[in-house]
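Asker:
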Amino acid sequence: MEIPKTYEPGKAEERWYQHWLNKNYFHSTPDEREPYTIVIPPPNVTGVLHMGHMLNNTIQDVLIRRARMLGKNACWVPGTDHASIATEAKVVQKLRQEGIKKSDLTRDEFLKHAFEWKDKHGGIILEQLKKLGASCDWERTHFTMDAEYSDSVIDVFVDLFKKGKVYRGVRMVNWDPEALTAVSDEEVLYKEVNSRLFYVRYKVAGTDDEWLTIATTRPETILGDTAICVNPNDVRYKHLHGKSAIVPLTNREVPIIADEYVEMEFGTGCLKVTPAHDINDYELGKKFNLATIDLFNDNGALNAHGLHYEGKDRFDVRKEIEKELHDKGYLVKTEDHINKVGFSERTNAVIEPKLSLQWFVSMKELAQPALDNVMNGNIQFHPEKFKNTYRHWMENVKDWCISRQLWWGHRIPAWYFGPGANDYVVAKTAEEAQSLAKEKSGKDISISDLKQDEDVLDTWFSSWLWPISVFNGLTRPGNEEIKYYYPTNDLVTAPEIMFFWVARMIIAGYEYLGDLPFKNVYYTGIVRDKLGRKMSKSLGNSPDPIDLIEKYGADGVRVGILISSPAGNDLPFDSSQCEQGRNFTNKVWNAYRLVSAWEVRELEQPKSSVMAIEWFENRFQTVLAEINDLFDKFRISEALMAIYKLVWDDFCSWYLEMIKPGYEQPIDSKTLEATKDFFENLLKLMHPFTPFVAEELWHQLRNRAEGDDIIIAKWPEVKTVNSSVLSKFTIAEEVITNIRNVRKNNNIANKVKLELFVRKNKDVDTAFDSVIVKMGNLSLMEYVSEKVNNANSFIVDGSEYFIPFGDTIDVEAEKEKINEELTYTKGFLKSVQEKLKNERFVAGAPEQVVAVERKKEADALAKIALLEEKLTTLG
RNA sequence: GGGAGUUUAGCUCAGCUGGUUUAGAGCAUCUGCCUUACAAGCAGAGGGUCGGGGGUUCGAAUCCCUCAACUCCCA
């Protein structure tokens, strides 16, 4: 049967994925084995796969597949997140295209549309993950709005409320006037924008013509001013302390207060204070008991406090008020100014700090165990540098605003029974709420009198329970699965969501199960394009992962994306890396083609093959130990590189060439069997990274019994290494490379057999001579006591090697080469000798270090002598 | 404004508590080969004063200080 010259991934991938599914290999149930668990960072339910997912999920699959081979009960839980803001925005947009306004729908009608949308687009991303080869336990697929999951979210809200950790309060929130919702601090992007600084003068009350000038970037908020603030140390304004100023246009009188918060150098050193519309002013307002005047409607237009500007948008008012201030003589001047403005991550609207009644989680106490257990190493971050960032945040943690003015999500289980600020209860159901309300109010209240809070919970308020709720750890406490799978092992995610998600999962873990949610957190980098830009939909610079898989094969893409992505570093992605990955799968494919084509016969095993096998055995063991170590340290791409080199360089370029019989020659069975064993072990190491081609060749290489699949094969065992074999081979390798160089320099074809004479200057091990003869294509290898004239020569490990080829030798070129080597060696010798001449070095450095330097000196001296001798011979 | 991190070959990165490192790998580059496993390949080669400056030390890519550039987080 003709085996194709290049590996064709498409069909094999589909076949093997289906095979794995049929065999139920991805499914896990608790048993007596050690569990190994990963919960997927749930992608947005309506999302599509992008390169960031590819990186993230490939790493998870590598970890889970290796764990499976190590004999652990591997469980990778997949699922999706309802992503309230993003999904609701998409549904609103889709309805708008159909001419339906959200405001025309009831909550139930809107949710019906939303669920339709979710059913249509939801889960596409999970199907895409299958193409990548993700070995998730699909029977465990969860969605953050599934009934039982939602129960756990509501339970936690009620519980935290009972513990006094959830409270309702007026707070300055980041208001998105477009989405008409509060957004969390983390969803605000600060950008530098060119704006203007307006210098406006306020009259000092009780004077005829004394003015003070303030500088502001937001003149439209003047109408909400309730104080002027100066620095108490500012001599320019000392006389004004305790006086009042008249706010332009409104003619309101406001106090002049003094606080060190004001920077004397900024602007004029006078700050206008608008507690309703700036977080710092709000704090000042609290401190000085100032009035707050809220100027804006929810949509960013001015309300009645805005006087004649009522109903106009904040940015229009900025322009108009500038003109009015100017016309009335209040505007002193304007300056160009660069300041940072917050934008909504979702709608890109300018965020308006706004006082609003919201629900909060009080974080300080909850955060403590989460901080401690990362700092003390119970939970490990990879790379560790992220601990610093984490600590900084956790030590300064602020209360978490968890209410969102949206419909898509978990509705807040608070029920209002009256107009008073405290006329509400928190309960899971209307019935419970009713009895609580009766109790609280002392009145007879019917269910229809209760009005449930309109808001939903922040999406992260459900995803922080992910590692617990996918095992129903809250709704069915202490169940078999939560006991078995929790704490999970490794979490693979992006550093951007360290606070949104990672920190909060840790908090929830300690609060609800008294234990960490995972032992290791592996932070991936951001996938960037060649120009270093973050890959994003809006830039259109992100390749479609599915296209890449079709072009290079899933294995090729997996290798391409992992080959240069150390933990925590950004990954500049270029599709040429996938090409490298595809080439790798093809290389292995062809190695198989070679091995499969040999005809076995009962032959004596050549010496060179015996040595090759002994060498590769040891080489494999060495690299295996390295790979295991790299995995333990989460240095995934380095582990991949080690495997890549082991397969390509050691196995294909060296080992197979060493044992390869001549063209159309048979092979002895011992060598063939050993080779197939090696091949199997290599496939095992490859399998986590390139599962498809590994499974394919596993089955091609040998006839397999039912169920003998590489996905559940046993990861190779580490054995002790005979390092002397390795060092002997290194010398043989160097001799062979030198022979090849002689061929190349003299234009001698590979087919032409050469003679090699060796003058040993010390004991030379001859174990690999047969390998040298074969790989160098020698007709003769002989040990001599005299140097050989008219020969190309080289020195390896103190011995001289001669290849007579008098006719073509280029004496000048040869001399030049020797001189170059001589210069280098002399330079090297000099640096070593300088060290050794230094008495303080000899006295101060450890004995071993000095001994090493002495050996370097001796070797260099011997080499120089040989080189100089060669030069004289050449004349 | 506060904090953290990064800076080693054209690119992406190794190089642990300073000493077999006049610095390694992969890719890219260059040269020669279509040698029947693979040109998606083989063989060989070139390429870095380790961001600049200063210091500690017998010895610094590695430790300290300083300057510069870039990145991220927080306000």
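Note that the working numbering has the first sequence beginning at 492, numbered continuously upward.
Just so you know, even glycine gets a beta-carbon here, dropped at the ideal spot from N, CA and C.
1) Should Leu703 and Leu740 be called a contact, given that it needs their Cβ atoms to be closer than 8 Å?
2) Are the beta-carbon atoms belonging to Glu1041 and Trp507 less than 8 Å from one another?
3) In chain order, which beta strand (DSSP E) runs of at least 3 residues are fully inside the region 1240–1297?
4) Name the two residues that bound the continuous alpha helix (DSSP H) containing Asp981.
5) For Lys974, which option in Ile988, Phe1107, Asp1006, Asp946 has the closest C-alpha, if you only look at C-alpha atoms?
6) Return the CA-CA distance between His828 and Asn685, expressed in angstroms with no decimal places.
7) Under three-state DSSP, which class holds Tyr752?
8) Going by DSSP, what residues sit across from Tyr907 in a beta bridge?
9) For the structure I just gave you, are there three or more beta carbon pairs, one from the region 1171–1183 and one from the region 1195–1206, closer than 8 Å?
10) Unbroken alpha helix (DSSP H) runs of length 4 or more, entirely within the region 1187–1243: which are they?
11) With DSSP as the reference, label Ile870 as helix, strand or coil.
12) In terms of residue numbering, what span does the beta strand (DSSP E) encompassing Arg662 cover?
13) Could you give the first and the last residue of the continuous alpha helix (DSSP H) run that contains Glu922?
14) Are at least three pairs of beta-carbons, each pair with one atom in the region 1181–1199 and one in the region 1255–1266, less than 8 Å apart?
15) Identify whether Gly1335 lies in helix, strand or coil by the three-state DSSP scheme.
16) Does Leu848 come out as helix, strand or coil in the three-state DSSP assignment?
17) Is it the case that the region 1214–1226 contacts the region 1284–1297, given that we only count it when at least three CB pairs across the two stretches are under 8 Å?
18) Can you tell me whether Ser1215 is buried or exposed, with buried defined as 16 or more other CB within 10 angstroms of its CB?
19) By a C-beta neighbour count over all protein chains shown, 10 Å radius and 16 as the cutoff for buried, is Lys1010 buried or exposed?
20) Write down every uninterrupted run of the alpha helix (DSSP H) in the region 1038–1096 whose length is 4 residues or greater and which is fully enclosed by it, in chain order.
21) Can you give me the Cβ contacts of Val823 inside the same chain, cut-off strictly under 8 Å, excluding the 5 residues immediately before and after it?
22) Since Asn1268 contacts Leu1245 with CB under 8 Å, what's their CB separation in whole angstroms?
23) Could you pull out every residue in the same chain whose Cβ sits closer than 7 Å to the Cβ of Tyr976, ignoring the five residues on either side in sequence?
24) Hey, out of Phe1107, Leu688, Val1233, Trp899, whose CA is closest to Gly758's CA?
25) The beta strand (DSSP E) spanning Asn1011 covers which residue range?
26) Count the other CB atoms within 10 Å of the CB of Asp1123; is the residue buried (16 or more) or exposed (fewer)?
27) Using the three-state DSSP reduction, which class does Phe1142 fall into: helix, strand or coil?
28) Expressed to the nearest angstrom, what Euclidean distance is found between the alpha-carbon atoms of Asn488 and Tyr1013?
29) Please report the residue range of the alpha helix (DSSP H) in which Ala706 lies.
30) Pop quiz: Arg524 and Pro569 are said to be a contact at Cβ under 8 Å. What is the actual Cβ separation, rounded to whole angstroms?
31) Going by CA-CA distance only, name the one from Lys1161, Phe990, Ile645, Asn515 that's closest to Met1102.
32) Where does Ser626 sit, in a helix, a strand or coil, going by DSSP?
33) Does the Cβ of Ser1218 have 16 or more other Cβ atoms within 10 Å, making it buried, or fewer, making it exposed?
34) Quick one, which of Cys761, Ile770, Thr1166, Lys734 has its alpha-carbon nearest Thr698's?
35) Alpha carbon to alpha carbon, how far is Phe990 from Trp884?
36) In the DSSP output, which residue or residues are listed as bridge partners for Ile737?
Answerer: With the given structure in hand:
1) no
2) no
3) 1245–1250, 1269–1275, 1282–1287, 1290–1295
4) Taken as a continuous stretch (DSSP letters only), Asp981 belongs to no alpha helix (DSSP H), being part of the beta strand (DSSP E) at 979–984.
5) Asp1006
6) 6 Å
7) coil
8) Tyr915, Lys942
9) yes
10) 1214–1236
11) coil
12) 657–667
13) 921–932
14) no
15) helix
16) strand
17) yes
18) exposed
19) exposed
20) 1045–1053, 1066–1088
21) Tyr690, Val691, Arg692, Thr704
22) 7 Å
23) Pro526, Thr528, Cys566, Phe962
24) Leu688
25) 1009–1014
26) exposed
27) helix
28) What the structure shows of the chain is the stretch from 492 to 1366, and residue 488 is not part of that stretch, so it cannot be assessed.
29) Element bounds for Ala706: not the alpha helix (DSSP H) but the beta strand (DSSP E), 702–707.
30) In fact, because the Cβ distance is near 21 Å, the residues do not count as touching under 8 Å.
31) Lys1161
32) coil
33) exposed
34) Lys734
35) 8 Å
36) Lys694, Glu744
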